Amino acid sequence: MKKFLLNAGVQKIFAALLAILFGLVFGIVILFIASFFISKASYPMDALYTIVTGGLRFSGLKGLGIIMRFMSPILLTGLSVGFAFKTGLFNIGASGQFVIGGFVAAYICIKWTFIPLEYLWIVGILGAVIAGGLVGLISGLLKAYRNVNEVISAIMLNYIAMITVSNLVSVIADKNNPSRTMPPLSRIPTLGLDKIFGNNTTDISIFIAILVAILIYIILERTTFGYELKACGYNRNAARYAGINDRLGITLSMTIAGALAGLGGAMVYISSITKVFDSLLTLAPEGFDGISVALLGMSNPLGIIFSAAFIAALKNAGPALSRSGFNEEVVKIMTAVIIYASAFSLIFREKLVQFFTKKGAKK
Amino acid sequence: MNTDTMIFLIRNMVPFMIPLTIVALGGMFSERSGVVNIALEGIMVFGATFGIFFIYFVPDLMSPQLMILAAMGIAIISGVLFSWLHAYASINLKANQTISGTALNLFAFAFHDFLARLITKTGTEGVSFKNVFRIEKIPFFGDIPVLGDLFFKNVYLSTFIGLGILVVASFVLYKTRFGLRLRACGEHPHAADSVGINVNRMRYWGVLISGALAGLGGLVLIIPTTVEYTGTVSGYGFLALAVLIFGQWKPSKIFLAAAFFGLMQVISNSSGLAFFTSLGINKYFYQIVPYLTTLIVLTFTSSKSASPRAAGEPYDQGKR
Numbered sequence: 002m003k004k005f006l007l008n009a010g011v012q013k014i015f016a017a018l019l020a021i022l023f024g025l026v027f028g029i030v031i032l033f034i035a036s037f038f039i040s041k042a043s044y045p046m047d048a049l050y051t052i053v054t055g056g057l058r059f060s061g062l063k064g065l066g067i068i069m070r071f072m073s074p075i076l077l078t079g080l081s082v083g084f085a086f087k088t089g090l091f092n093i094g095a096s097g098q099f100v101i102g103g104f105v106a107a108y109i110c111i112k113w114t115f116i117p118l119e120y121l122w123i124v125g126i127l128g129a130v131i132a133g134g135l136v137g138l139i140s141g142l143l144k145a146y147r148n149v150n151e152v153i154s155a156i157m158l159n160y161i162a163m164i165t166v167s168n169l170v171s172v173i174a175d176k177n178n179p180s181r182t183m184p185p186l187s188r189i190p191t192l193g194l195d196k197i198f199g200n201n202t203t204d205i206s207i208f209i210a211i212l213v214a215i216l217i218y219i220i221l222e223r224t225t226f227g228y229e230l231k232a233c234g235y236n237r238n239a240a241r242y243a244g245i246n247d248r249l250g251i252t253l254s255m256t257i258a259g260a261l262a263g264l265g266g267a268m269v270y271i272s273s274i275t276k277v278f279d280s281l282l283t284l285a286p287e288g289f290d291g292i293s294v295a296l297l298g299m300s301n302p303l304g305i306i307f308s309a310a311f312i313a314a315l316k317n318a319g320p321a322l323s324r325s326g327f328n329e330e331v332v333k334i335m336t337a338v339i340i341y342a343s344a345f346s347l348i349f350r351e352k353l354v355q356f357f358t359k360k361g362a363k364k
Numbered sequence: 106m107n108t109d110t111m112i113f114l115i116r117n118m119v120p121f122m123i124p125l126t127i128v129a130l131g132g133m134f135s136e137r138s139g140v141v142n143i144a145l146e147g148i149m150v151f152g153a154t155f156g157i158f159f160i161y162f163v164p165d166l167m168s169p170q171l172m173i174l175a176a177m178g179i180a181i182i183s184g185v186l187f188s189w190l191h192a193y194a195s196i197n198l199k200a201n202q203t204i205s206g207t208a209l210n211l212f213a214f215a216f217h218d219f220l221a222r223l224i225t226k227t228g229t230e231g232v233s234f235k236n237v238f239r240i241e242k243i244p245f246f247g248d249i250p251v252l253g254d255l256f257f258k259n260v261y262l263s264t265f266i267g268l269g270i271l272v273v274a275s276f277v278l279y280k281t282r283f284g285l286r287l288r289a290c291g292e293h294p295h296a297a298d299s300v301g302i303n304v305n306r307m308r309y310w311g312v313l314i315s316g317a318l319a320g321l322g323g324l325v326l327i328i329p330t331t332v333e334y335t336g337t338v339s340g341y342g343f344l345a346l347a348v349l350i351f352g353q354w355k356p357s358k359i360f361l362a363a364a365f366f367g368l369m370q371v372i373s374n375s376s377g378l379a380f381f382t383s384l385g386i387n388k389y390f391y392q393i394v395p396y397l398t399t400l401i402v403l404t405f406t407s408s409k410s411a412s413p414r415a416a417g418e419p420y421d422q423g424k425r
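Residue numbers (this note's numbering), protein chains in the order written: chain A, 2 to 364; chain B, 106 to 425.
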């Protein structure tokens, strides 16, 4: 038992679960307080039940399909942020990489009709990966060679990407129907999943995303390349001393992170989800959801699969909350509290170790 | 470019430049004490939320200038209280400062929408308010030719408060014992500790000052630039971080950097102006100009970065 609790992985899972518990408790408090102000609100516990079931109490199997659909883009942006975290970088630019990747994928799938339709989505996905990677590359190069803080450059690139896409959207827009969806044949295939879940937005993107997560796990934990990238993150100078090209490492890390977020964009924009690159200038929320997903998953690619499912379920529960009279911001507040609590994981683990070893946390 | 265009640009850059200066100075206090505050954006939103709610609920009880002062006070207090969460996480609990800052940002947006839907009559996240705070003309100073037109007519109280904060901030940072101690904690906390400075307490001061200034900056940004607050400060908190880096963590340079970004923002907003349409540049370029110039400027100024050496690292007494 003691050995089990001193395992770093087990502790991380405990810390994440504790953070979620903390968020739920805070959510209950918020719901109770809000119920005094909202006349049409039903019981707070009823709303809580909606939240913990991820809204599935109303939508059942169909809702499960929707959660899987929500999950794939934020799993990929989460991987993007998490991968960067593992290599010592904070990729707050997933939003911009996401939208550029999504746009390029949509462009390819609408305009490149010279490619056979059944392969078009694959080309679109590759295009998104490359485009997102290029956006990440800019941040990476600036960080590695010009010492530009990657957080600031990524935020600027978020805005530049958003404005660029909203200016370019007229290229692929349908004049009669500005909120066009992808032609069904060039979408990511569904392989019958849409029939199973009775919901035409469910497709194989979730499996693509999970496969990519496993691939990233293998790269990070089982290859020399991944080890070198992580070494650059732990200590750039030590990595250089060990003969690792730290500048190349940082550049590649950001590029891969960008490619992952770009892939996430493809998952949304070449599917049947009616999501438009509208002229409304707002940053893609999937990029910021990715930060929550990565933090809750402790940046571990396998952990991120579960945290993406969790956050997707919360997102699905949000709109369903209105049935109990509450607004969906409650869920967003809970997410923020969970992230805040997950920042405490270090101290939580130290305390746990102190509790179970006589000599305390210091090795 | 004629003088009218020039005067227009300078007059209109002030509402952007003042909040940027205030918030970047806040960030300076935090980072100089050794805590990276990525939550500036969220604290701005949080401060503005309470300041604007105050203006929303007590419209006619007091004179406009008194009301804006009270709203500023409320924004400052809420900013301090909110940043306390960041201070507690990053100082007491030695948490990752980026995570805690991100959580605060997420919280502030959601909290504003939640609260606004709850208590506005319309039930939307937009909170509209009447802008009655502009001062037509300041006696005496407004009569000075050119300068009077530029800085003393149709101004906001916040402009002068912002300039006051700049002066006080430079004085505190460089001429007081407090400032010296604060800087020591950001550069070499162990050395500071060894001469009896309470590192954690100094860092608390740094973060709470940044909370006060960011909360104030949020309100000061919203009031002159819009009449409906929707719970966003459009990335200005992050832009303030860029200003802080471009300004090399020094008050006077921060002011110049903020002026530069203010100018870029005005250029971006005034692509319809006769002078700019005559240049024949695409609208798209104007839209991205503040962000693109930030990138370019940082590319050429970041290599000799003077960032506080211990910024971002939790202080661990046992670590040498």
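Where a beta carbon is used, it is the ideal one built from N, C-alpha and C, also for glycine. Quantities reported herein were computed from a predicted structural model and do not represent experimental measurements.
In the DSSP assignment, B:E241 falls outside any alpha helix (DSSP H) and within the unbroken beta strand (DSSP E) covering I240 to K242. Taken through DSSP and simplified to helix, strand or coil, A:N236 comes out as coil. Inside the region 150–201 of chain A, DSSP marks whole alpha helix (DSSP H) runs of 4 or more residues at positions 151–173 and 194–197, from first to last along the chain. Contact of A:E229 with chain B is not assigned, every C-beta pair being separated by 8 Å or more.
At least one beta carbon of chain B lies nearer than 8 Å to the beta carbon of A:M157. At a cut-off of 8 Å between beta-carbon atoms, B:L361 makes no contact with chain A. Straight-line measurement puts the Cα of B:P124 at about 5 Å from the Cα of B:G322. In summary, A:P185 is exposed, with fewer than 16 beta-carbon neighbours lying within 10 Å of its beta-carbon over all protein chains present.
When secondary structure is reduced to three states using DSSP, A:S140 falls in the helix class. Between B:H293 and B:R414, the CB-CB gap stays under 8 Å.
Between B:F158 and B:V232, the gap from beta carbon to beta carbon is short of 8 Å. Close to B:D421, with beta-carbon spacing below 9 Å, lies no residue of chain A; the smallest spacing is near 10 Å. Between the C-alpha atoms of B:V163 and A:L77 there is a straight-line separation of about 46 Å. Taking the C-beta atoms as reference points, A:G263 is found nearer than 8 Å to A:F99.
When beta bridges are read from the DSSP output, A:S206 appears opposite no residue. If you ignore the 5 residues before and after A:A16, its C-beta comes within less than 8 Å of the C-beta of M299, S343, F345, S346, F349 and R350, all in its own chain and listed in chain order. Between A:A129 and A:V152, the CB-CB gap reaches or exceeds 8 Å. Counting other Cβ atoms within 10 Å of its Cβ, B:M111 stays below 16 and is therefore classed as exposed.
The three-state secondary structure of B:E292, taken from DSSP, is helix. According to the DSSP assignment, B:K258 belongs to the beta strand (DSSP E) that extends over K258 to V260. Per DSSP, the unbroken alpha helix (DSSP H) holding B:N305 starts and ends at V304 to T330. Residue pairing by DSSP places B:S233 opposite B:E333 in a beta bridge. If the five residues before and after B:T335 are omitted, its C-beta is found closer than 7 Å to the C-beta atoms of E230 and G231, all from its own chain and listed in chain order. With contacts defined by Cβ atoms closer than 8 Å, B:L262 and B:I179 do not form a contacting pair.
If you look at B:P419, you'll find it isn't in any alpha helix (DSSP H); DSSP assigns it neither H nor E. The way I'd put it, the region 307–321 of chain B does touch the region 125–134 of chain B; three or more beta-carbon pairs between them come closer than 8 Å.
Ranked by Cα distance from A:V213, the options A:C233, A:M268 and A:K231 are led by A:M268. Looking at the backbone, the Cα of A:Y228 and that of A:L221 are separated by about 6 Å.
Here the alpha carbons of A:G61 and A:L169 stand approximately 39 Å from one another.
A:F327 carries a coil assignment under DSSP once its states are collapsed to helix, strand and coil. Per the Cβ contact rule, the region 364–377 of chain B is in contact with the region 392–403 of chain B (3 or more Cβ pairs under 8 Å).
Looking at A:L194, A:I31, A:L49 and A:A321, the one whose alpha-carbon comes closest to that of A:F59 is A:A321. Between A:T165 and B:G206, the alpha-carbon positions lie close to 28 Å from each other.
Within the region 10–44 of chain A, those residues whose Cβ lies closer than 9 Å to any Cβ of chain B are, in chain order, I31, A35, F38 and I39. A Cβ of chain A is located within less than 8 Å of the beta carbon of B:I393. Using a CB distance cut-off of 8 Å, B:A347 counts as an interface residue toward chain A.
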